[in-house]
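Visitor: Each residue of the sequence shown is one higher than the one before, counting from 639 in the working numbering.
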Amino acid sequence: MAKQKKHPTGTIAQNKKARHDYFIEHKFEAGLVLAGWEVKSLRASKLQLVDSYVLLKDGEAWLLGSHITPLMTASTHVIADPVRTRKLLLNRRELDKLSAAVQQKGYACVCLSFYWSKHMVKCEIALGKGKKEYDKRDTERERDAGRELQRAVRNKGKED
Numbered sequence: 639m640a641k642q643k644k645h646p647t648g649t650i651a652q653n654k655k656a657r658h659d660y661f662i663e664h665k666f667e668a669g670l671v672l673a674g675w676e677v678k679s680l681r682a683s684k685l686q687l688v689d690s691y692v693l694l695k696d697g698e699a700w701l702l703g704s705h706i707t708p709l710m711t712a713s714t715h716v717i718a719d720p721v722r723t724r725k726l727l728l729n730r731r732e733l734d735k736l737s738a739a740v741q742q743k744g745y746a747c748v749c750l751s752f753y754w755s756k757h758m759v760k761c762e763i764a765l766g767k768g769k770k771e772y773d774k775r776d777t778e779r780e781r782d783a784g785r786e787l788q789r790a791v792r793n794k795g796k797e798d
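1. Determine, using beta carbons only, whether Glu-732 and Ala-668 come nearer to each other than 9 Å.
2. Could you tell me the alpha carbon to alpha carbon distance between Gln-788 and Arg-781, rounded to whole angstroms?
3. Contact defined as beta carbons within less than 8 Å: I believe Leu-736 pairs with Leu-694. What is the distance between those atoms, to the nearest angstrom?
4. Taking the alpha-carbon positions, what's the Val-721 to Glu-778 distance?
5. Can you give the Cα-Cα distance for Met-758 and Ala-790, rounded to whole angstroms?
6. Measuring only the C-alpha atoms, how far is Cys-761 from Tyr-753?
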């Protein structure tokens, strides 16, 4: 009997800046069209999503601005472009919903994270509404208050 291969699990990379800059309203799971060297680099977590966004044109979704660093050992025979445009695989209904929402003022489609789903790489994209500067400060204030509350609860029993 053949030995079962263990599939990689978990999150490859997250775009924390997107959660800071946008109110996330709807999330979608999208597949990706990747080259072999890109998958090998993703196994080594060589991915940056900081300035990535999703462009919707001609009824298709494209991921722009993501940077997959090529491994020196894996991509010796291929000329690797680390910031190439990658096609996202979505259903027609999801594409229609995204394109209708993005045409409204203030909405954008951003990539939140890359993760493994069994042996495939998936991209979590979200429909977000841009935050104003005061919204970002409010979010930071709430996060700090929650942190202080957690510290107080954790240190309550240690004061004795």
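Just so you know, even glycine gets a beta-carbon here, dropped at the ideal spot from N, CA and C. Bear in mind the structure is a predicted one, so any value in this text is a computation, not a measurement.
Guide: Taking the definition as stated:
1. yes
2. 11 Å
3. 6 Å
4. 31 Å
5. 42 Å
6. 7 Å
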